[in-house]
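See below for the structure under consideration.
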Amino acid sequence: MAGSLIKNPGGGLAYSGGYVVGKKELIESAASLLTAPGIGKDCGLTFGMTRQILQGLFIAPKIVEDALKIALLFSKCFEELGFDVIPSTKDKRGDIISAIKLDNPKILEEF
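Residues 7 to 117, numbered by this note's numbering, are exactly what the sequence shown covers, in order.
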């Protein structure tokens, strides 16, 4: 399995990055393909990006916090206007995604 570090953990500052998890021999094989044979996963941060990646990891919690606050603010505003919002402002959030139910096609067009 592989994933990206470009979004939240990178704080929007990391140009590239990711992780690979799985069986040791598969990780070694992937690391050799992604870097160079013999260097593998032991090369650490590359592309002269150590500062940006570490800065991104430092800033990421604040960026995620702000995104959650904004999602909650807009959810509350639309609830106050009478719209159904998923998740509601009373529900526990695990993501910044919010759905606003615009039941009327005319309201959707105006939105």
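Built from N, CA and C at the ideal position, the CB exists for glycine as well.
{"Asked": "Separation of Ser35 from Gly44, as counted between CA atoms", "Found": "10 Å"}
{"Asked": "Asn96 - DSSP class collapsed to helix/strand/coil", "Found": "The question names Asn, but residue 96 in the sequence shown is Lys. Coil at Lys96, not helix or strand."}
{"Asked": "Distance, Val26 Cα to Ile33 Cα", "Found": "6 Å"}
{"Asked": "Reference Arg99, options Ile65, Ser81 and Glu86, closest by Cα", "Found": "Ser81"}
{"Asked": "Simplified DSSP assignment, three categories, for Asp72", "Found": "helix"}
{"Asked": "Inter-residue Cα distance where the pair is Gln61 and Asp72", "Found": "17 Å"}
{"Asked": "N-terminal and C-terminal residue of the beta strand (DSSP E) that Ala36 is part of", "Found": "From DSSP, Ala36 is part of no beta strand (DSSP E) but of the alpha helix (DSSP H) over Lys30 to Leu40."}
{"Asked": "N- and C-terminal bounds of the beta strand (DSSP E) containing Lys107", "Found": "Ala105 to Lys107"}
{"Asked": "Sub-8 Å separation of Leu108 and Phe89 beta-carbons", "Found": "yes"}
{"Asked": "Top-ranked residue by Cα proximity to Ile76, from Phe64, Asn110, Leu63 and Ile103", "Found": "Ile103"}
{"Asked": "Reduced DSSP secondary structure (H/G/I, E/B, other) of Asp90", "Found": "strand"}
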